[in-house]
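Peer 1: Start counting the sequence shown at 13; every next residue gets the next number (this note's numbering).
Even glycine gets a Cβ: it sits at the ideal position worked out from N, Cα and C.
No experiment lies behind these values; they were computed from the predicted model shown.
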Amino acid sequence: MKEVADILQCQGTERDACVKVLQEIQGVFGYLPAEALRYVTRHSKITSRQIHGVATFYDRFRFTPVGKHIIRTCHGTACHVNGARHIGRAVEEALKIKPQETTPDGLFTLESAACLGCCSLAPVMMIDDTVFGRLEPQKMKQILRKYAQTAKAKSP
Ligand code: FES
């Protein structure tokens with residue numbers, strides 16, 4: 013738990029450091045591991061009740077590990093009227109997972125979003141920080157295939 017100790021040393025151990033501490037823990041591990049949260053409660057004034065409150069209030073915090081790539085399909089109004097449902101369904105079929113799930117190979121985690129902030133490109137999905145717009149199911153499947161092939165090529 014050296015990483016968590018370093019975070020507490022940097023952010024402080026007072027209750028008002030809770031959000032920053034959780035952000036940094038998630039930045040290091042990709043989610044909030046139970047062991048890291050126990051360490052925080054033992055070595056700071058931040059309580060497990062406070063952690064639970066903060067982590068469930070902000071939907072960006074996760075309690076389970078995520079895949080190498082996070083896919084966010086947009087279901088906001090502009091995307092909805094431009095066929096977001098078909099894109100969402102096509103992603104689920106291609107990856108054989110539902111929103112909030114991760115593929116068994118650990119490559120993709122699927123999430124849905126209310127609006128990704130680029131409505132003029134609707135329907136939209138993001139993979140990590142990259143936006144893909146004006147999607148059609150076929151185009152989306154090609155994008156996923158490319159990510160999967162790149163991951164395979166990089167694996168030892
Ligand atoms: S509604 Fe999809 S990006 Fe805004």
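(1) Following a CB-centred definition, is Thr59 positioned closer than 8 angstroms to any heavy atom of ligand 1?
(2) Determine, using beta-carbon pairs with one atom in the segment 59-66 and one in the segment 77-84, whether at least three such pairs fall under 8 angstroms.
(3) With a threshold of 8 angstroms (Cβ to nearest heavy atom), would Thr89 be considered close to ligand 1?
(4) In three-state DSSP terms, what is Ala125?
(5) Taking 8 angstroms as the cut-off, does the CB of Leu122 come closer than this to any heavy atom belonging to ligand 1?
(6) Using a Cβ distance threshold of 8 angstroms, determine whether the segment 85-96 contacts the segment 135-151, with at least three qualifying pairs required.
(7) Rounded to the nearest angstrom, what separates Val52 and Glu36 at their Cα positions?
(8) Indicate, with yes or no, if ligand 1 has a heavy atom lying under 8 angstroms from the CB of Leu133.
Peer 2: This is what the structure holds:
(1) For the purposes of this step, residue 59 is identified with residue 47 of the sequence shown, where counting begins at 1. It does not: the Cβ of Thr59 is nowhere closer than 8 angstroms to a heavy atom of ligand 1.
(2) no
(3) Position 77 of the sequence shown, counted from the start, is the residue given in the question as residue 89. Answer for Thr89: yes, Cβ within range of ligand 1.
(4) The count along the sequence shown starts at 1 and reaches residue 125 at position 113. The answer is strand: DSSP assigns Ala125 an E or B state.
(5) Your numbering for residue 122 matches position 110 in the sequence shown. Leu122 Cβ: outside cutoff for every heavy atom of ligand 1.
(6) yes
(7) For the purposes of this step, residue 52 is taken as residue 40 along the sequence shown, with counting starting at 1. For the purposes of this step, residue 36 is taken as residue 24 along the sequence shown, with counting starting at 1. Going from the Cα of Val52 to the Cα of Glu36 covers about 12 angstroms.
(8) The count along the sequence shown starts at 1 and reaches residue 133 at position 121. Yes, ligand 1 has a heavy atom inside 8 angstroms of this Cβ.
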